[in-house]
Structures are given as structure tokens and as C-alpha cells.
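A short write-up of the structure that comes next.
In C-alpha cells, the structure reads:
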């Protein structure tokens with residue numbers, strides 16, 4: 001069972017108590033009515049889906065109920081750090097940032113296979 | 001002539017478990033879901049007659065009235081003497097939110113040498129003495145439902161769950177008690 005450290009409960013708890021909340025650190029545009037449709041699409045719908053390190057929101061919904069942020073490896077599911085909502089991204093020495101490449105696309109893996 | 005509504009306890013007179021872990025429905029109690037910021041703590045503590053805990057897993061007890069820490073700004077208050085907690089909350093001037101959940105929740109008492117084992121059969125929380133000592137409380141899961149677990153004694157646990165889930169929780173704990181008692 002995956003154990004996730006909750007920064008509000010100050011201990012590791014079972015993954016069963018948590019719910020995933022999508023990417024963290026997504027800044028809402030200051031005046032959302034002024035931005036173009038493309039910029040809104042980029043802000044609202046498009047996510048990087050990186051392979052490797054990702055910063056995400058999690059909610060300890062069956063515990064203290066709080067949202068917090070965590071750094072996780074999307075390949076190994078290893079959690080590097082958890083920190084309270086509102087805090088900046090932590091420095092993670094020794095952890096490589098996610099590669100520029102996105103996760104495999106159909107074209108890359110299947111080519112023009114018939 | 002109007003008939004008087006008859007209120008039935010959600011678990012009736014059910015009893016279960018094993019020789020090593022008894023599972024029984026708790027007596028009715030009044031309950032309050034309390035939410036407040038840190039600046040209201042002193043006034044609310046004075047109103048309820050106990051010190052609201054501010055540390056994770058903390059709890060406080062005074063005259064049959066429990067305050068369990070659920071989150072940084074959330075507490076579950078349980079009064080076993082069925083005092084009117086809403087009236088007490090209404091008398092506190094500090095800004096807070098209080099909701100009467102006396103009938104939303106019900107409780108199941110698990111006690112005996114294998115009580116922790118019975119609960120651990122469906123609950124992922126670490127129930128070891130070092131991390132969940134007497135007086136500890138936490139919201140967690142039991143099987144498919146959410147519960148609030150409170151350790152009231154060395155071998156005594158109180159499982160607070162929603163009323164409609166009580167038969168499920170009772171059955172699960174009874175099964176766990178039989179397994180843990182083997």
C-alpha cells in the first residue's frame with residue numbers, strides 16, 4: 001500500500017485516505033475575460049502529462065480534509081516530498097526534472113503500422 | 001390524535017464480536033461538527049468547558065464531553081450525556097460554524113484484547129501504542145466507508161460512522177472480531 005505524507009497530519013497515511021487533485025501551481029490569469037481563447041484553452045484544459053517528476057495537488061479527504069501539494073514520480077509512483085498548499089515548490093536535490101518529451105504518442109509507438 | 005414518532009436506534013440491540021473483541025452499539029449521544037479559526041479557539045474552549053485540541057490525533061475529555069481533532073480547523077464534539085451542544089455553540093460569540101450531527105452519526109464500541117486487530121481488519125490506520133495511544137482520534141476509512149476512530153481506553157475503541165452505514169460497519173467489525181479472536 002502506498003503511504004503518503006500529509007503535511008497537516010504530520011505523518012504518513014494510507015493512500016486510501018487521499019484523493020488526487022490534478023496539477024499544482026497553475027496560476028489563474030489575472031483577468032480571465034481579457035485572454036484569448038487559445039490562452040484560455042492552454043490555462044484551463046492543457047496539461048503537460050510529464051514522464052517523471054510532477055507537482056500535484058492531493059486532498060486528504062478521508063483524514064484532515066485539507067488540500068496539499070506533493071512531488072511525485074509518474075513512472076515509479078514514488079513521492080519525493082509533500083508540502084502545504086500555498087508554499088512554493090521545494091528544492092529536490094538529486095531528483096531529475098521530467099524529460100521534455102511527453103509520454104509516448106500513438107504515432108511514435110505505432111508508426112504507420114497497419 | 002397524533003401518533004408519537006418512535007425513534008429507533010440504528011443498530012437496535014445488536015451485539016457481535018468474539019470473546020477477544022466485543023462489538024456493541026454505543027448509547028445515543030449528541031454530536032457537533034465544529035469548524036473555527038485559531039482566533040476563536042479560546043472562546044469556544046471556554047464555552048464547551050474543555051480545551052479544543054490543536055495537534056493531529058488530539059482529543060480532550062471533560063464530564064463525558066469529547067472534542068476530537070479532525071483537521072486544522074475542524075473538530076467532532078460528542079456529548080455522552082446528551083447535552084444540547086447547539087445551545088452551547090450558540091452562546092459562544094466567537095466566529096465559528098457548528099452543525100448538529102447527533103443523528104447523522106452513530107457509534108460502535110469495540111473492546112477487548114483483540115479490539116485493535118478487529119478494527120485493523122478493515123482500517124489502514126497504524127493502531128500501535130506509539131502512534132495511536134489512548135486518547136488518540138483520527139478520521140480514516142473502514143472498508144468502504146469513512147469513520148472517525150477514537151481510542152477511549154487501552155483496549156477500547158469508539159468507531160463513529162454515518163447512521164446509514166452502521167449495519168455495514170457493524171458487520172465488518174464483527175467479522176474482524178471473529179478473525180482477530182482466532
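Protein chains in written order, with the UniProt record's numbering: chain Y, 1 to 114; chain D, 1 to 182.
Backbone N, C-alpha and C fix where the C-beta goes; we use that ideal spot for every residue, glycine too.
As the structure is a prediction and not an experimental result, all values here were calculated from the model.
ask   = For the putative contact between residue 224/D and residue 32/D, defined by C-beta atoms under 8 Å, what is the C-beta separation to the nearest angstrom?
value = Chain D is shown only over 1 to 182; residue 224/D falls outside these bounds and no answer can be derived.
message = With three or more beta-carbon pairs closer than 8 Å as the criterion, would you say the segment 50-61 of chain D touches the segment 102-121 of chain D?
response = no
Meets three-Cβ-pair contact criterion under 8 Å: the segment 35-46 of chain D and the segment 90-97 of chain D = yes
query = Of all the alpha helix (DSSP H) runs that stay within the bounds of the segment 94-128 of chain D, which reach a length of 4 or more residues?
reply = 115-120
query = Where does the unbroken beta strand (DSSP E) through residue 5/Y begin, and where does it stop?
reply = If you number the first chain from 1, residue 5/Y lands on position 5. Looking at the DSSP string, the run of the beta strand (DSSP E) that includes residue 5/Y is 3-6.
key: Candidates 31/Y, 60/Y and 14/Y, of which the one nearest residue 69/Y by Cα   = Sequence index remark: in the first chain, residue 69/Y carries index 69 (1-based). When only C-alpha atoms are compared, the closest one is 60/Y.
inquiry  = Rounded to whole angstroms, what is the Cα-Cα separation between residue 113/D and residue 95/Y?
reply    = In the second chain, counting from the first residue as 1, residue 113/D sits at position 113. In the first chain, counting from the first residue as 1, residue 95/Y sits at position 95. One C-alpha to the other measures close to 46 Å.
message = In the DSSP assignment, the beta strand (DSSP E) including residue 14/Y goes from what residue to what residue?
response = Your numbering for residue 14/Y matches position 14 in the first chain. Residues 11-14.
query = For the segment 69-93 of chain D, which segments carrying the alpha helix (DSSP H) assignment without a break, of at least 4 residues, lie completely within its bounds, in sequence order?
reply = 85-90
ask   = What residues in its chain sit with their C-beta under 6 Å from that of residue 172/D, if we drop five residues either side in the sequence?
value = Stepping through the second chain from its first residue, residue 172/D is reached at position 172. The answer, listed in chain order, is 122 and 143.
task = Would you list the residues sitting across from residue 23/Y in a DSSP beta bridge?
result = Within the first chain, residue 23/Y is the residue found at index 23, counting from 1. Note: residue 23/Y sits in a beta bridge opposite 56/Y.
ask   = Can you tell me the Cα-Cα spacing of residue 139/D and residue 19/Y, whole angstroms?
value = The residue given as residue 139/D occupies position 139 in the second chain. The residue given as residue 19/Y occupies position 19 in the first chain. If I take the Cα positions, the gap works out to 15 Å.
message = Counting only Cβ pairs nearer than 9 Å, list the residues of chain Y close to residue 71/D.
response = Here the question's residue 71/D lines up with position 71 in the second chain. 8, 9, 60, 63, 64, 65 and 66, listed in chain order.
Stretch-stretch touch, CB-based, cutoff 8 Å, three pairs: the segment 71-81 of chain Y with the segment 1-21 of chain D = no
inquiry  = Quick test of your reading: residue 152/D and residue 23/D, contact by CB under 8 Å. State the CB separation rounded to the nearest angstrom.
reply    = The count along the second chain starts at 1 and reaches residue 152/D at position 152. The count along the second chain starts at 1 and reaches residue 23/D at position 23. Not confirmed; about 15 Å, so no contact.
message = For a test of the three-state rule: what should DSSP assign to residue 181/D, helix, strand or coil?
response = In the second chain, the residue the question calls residue 181/D occupies position 181. Note: residue 181/D maps to coil in three-state DSSP.
query = Which chain D residues are close to residue 16/Y, counting only those with a beta carbon under 7 Å from its beta carbon?
reply = As a working mapping, residue 16/Y is identified with position 16 in the first chain. Within chain D, the residues near residue 16/Y are 124 and 141.
ask   = First and last residue of the beta strand (DSSP E) that includes residue 59/D?
value = Translated into positions along the second chain, residue 59/D becomes position 59. From DSSP, the beta strand (DSSP E) with residue 59/D extends over 59-62.
task = Answer with buried or exposed for residue 55/Y, where buried requires no fewer than 16 other C-beta atoms within 10 angstroms of its C-beta.
result = On the first chain, residue 55/Y is found 55 positions in, with the first residue counted as 1. Label assigned to residue 55/Y: buried.
query = Thinking just about the alpha-carbon of each residue, which of 67/D, 165/D, 70/D and 119/D is nearest to the one in residue 178/D?
reply = For this step, residue 178/D is matched to residue 178 along the second chain. Cα-wise, what sits closest to residue 178/D is 119/D.
key: Cutoff 7 Å; reference residue 163/D; Cβ partners in own chain excluding five residues on either side   = As a first step, residue 163/D is located in the second chain; it is residue number 163 there, counting from the start. Cβ within range, chain order: 10, 103, 104, 105 and 106.
inquiry  = Going by DSSP, what residue range makes up the beta strand (DSSP E) through residue 32/D?
reply    = For the purposes of this step, residue 32/D is identified with residue 32 of the second chain, where counting begins at 1. Run containing residue 32/D: 30-35, per the beta strand (DSSP E) assignment.
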